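Visitor: This is the structure I want to talk about, given as structure tokens.
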Amino acid sequence: MSAPKSPSADARRDRSPAAREAARRKKAEREARVVGLLAAGLSVAEIARREGVTERGFRKSLRGLIARREPQAPARYAAVQANRLHEALRQSFDAMSGGDLAAVDRVVAIVRELDLHHGFAAPGRRRGGGDGERSVAVGALAERGYESAGARAATPEPPRVRRRSLSLRERTGREAAR
């Protein structure tokens, strides 16, 4: 009988801490690269081809990747949403400083959303509640001589008179009144 074969020295996996750390780093880089390619809109088949693996094997590893990253999804969404709100706030401030008074309402709404996002909303306050801040901001601008687009729109137009021909009954009623 022959002795059991032991794996050759070159076929053994290096189990040193440095090798494990290098493998972890390599895996993290690969996952980051894959997520970036997916976010860029590449297909699963194209990414599998670029990574040098089969599509089936890549889909399996992708399911594991998504399962591991799933608890981070709400935090990532919150960060993306905060970035969107900050960008909208910056653009609204630019519009407001350019004289667009309708932007005041947008700034107030965005600040309210950011407050809700960061947990600074007043207790018991409904989402999208009263217009207290808005009216204070618009009132302050009105004191400085600015007229908001909402105030211009709120100015009533004179009623439009629709001209139509009078019916026989209406004409006879008018003649009788004379």
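Its first residue numbered 402, the sequence shown is counted upward by one per residue in my numbering. For glycine and all other residues, C-beta sits at the position ideal for the given N, C-alpha and C. Bear in mind that the values here come from a model prediction, so they are computed numbers and not experimental data.
For E432, which residues in the same chain have their Cβ closer than 6 Å to its Cβ, ignoring the five residues on either side in sequence?
Guide: To locate residue 432, count along the sequence shown from 1; it is residue 31. L466.
Visitor: Are there three or more Cβ pairs, one per stretch, closer than 8 Å when the region 445 to 464 is compared with the region 415 to 422?
Guide: no
Visitor: Nearest to L439 by alpha carbon, out of E422, T455, F459?
Guide: Working through the sequence shown from its first residue, we reach residue 439 at position 38. The residue with the shortest Cα to Cα distance from L439 is F459.
Visitor: Please look up how many angstroms separate the CB atoms of Q482 and H518, rounded, as I've assumed it's under 8 Å.
Guide: Taking the sequence shown and counting its residues from 1, one reaches residue 482 at position 81. Taking the sequence shown and counting its residues from 1, one reaches residue 518 at position 117. Contact holds; Cβ gap of about 7 Å.
Visitor: Cβ atoms of F494 and V508: under 8 Å apart, would you say?
Guide: Looking up residue 508 in the sequence shown gives position 107. Looking up residue 494 in the sequence shown gives position 93. Result yes, Cβ atoms of V508 and F494 sit closer than 8 Å.
Visitor: Measuring alpha carbon to alpha carbon, tell me which of L515, R425, T455, A468 ends up nearest A489.
Guide: Counting from one through the sequence shown, the residue named residue 489 turns up at place 88. Measuring from the Cα of A489, the nearest candidate turns out to be L515.
Visitor: Exposed or buried, what is A504 when buried is set at 16 or more other beta-carbons lying within 10 Å of its beta-carbon?
Guide: Counting from one through the sequence shown, the residue named residue 504 turns up at place 103. With a 10 Å radius around the Cβ and a threshold of 16 neighbouring Cβ atoms, A504 comes out buried.
Visitor: State the start and end residues of the unbroken alpha helix (DSSP H) segment that holds A420.
Guide: Here residue 420 corresponds to residue number 19 of the sequence shown, with the count starting at 1. Taken as a continuous stretch (DSSP letters only), the alpha helix (DSSP H) holding A420 covers 418 to 440.
Visitor: I need the DSSP call for G499, collapsed to helix, strand or coil.
Guide: Translated into the one-based positions of the sequence shown, residue 499 becomes position 98. Reduced to three states, the DSSP call for G499 is coil.
Visitor: What are the boundary residues of the alpha helix (DSSP H) that V445 is part of?
Guide: As a first step, residue 445 is located in the sequence shown; it is residue number 44 there, counting from the start. Residues 445 to 452.
Visitor: Ends of the alpha helix (DSSP H) at G520?
Guide: As a first step, residue 520 is located in the sequence shown; it is residue number 119 there, counting from the start. Element bounds for G520: n/a, residue is neither H nor E.
Visitor: Less than 7 Å between C-beta atoms, sequence neighbours within five positions excluded: which residues of the same chain meet that for I511?
Guide: The residue given as residue 511 occupies position 110 in the sequence shown. Hits under 7 Å: L486, A489, L490, S493.
Visitor: Please return the same chain residues whose Cβ sits closer than 7 Å to the Cβ of E456, not counting the five positions on each side in sequence.
Guide: For the purposes of this step, residue 456 is taken as residue 55 along the sequence shown, with counting starting at 1. Excluding positions up to five away in sequence, the list reads V445, A446, A449.
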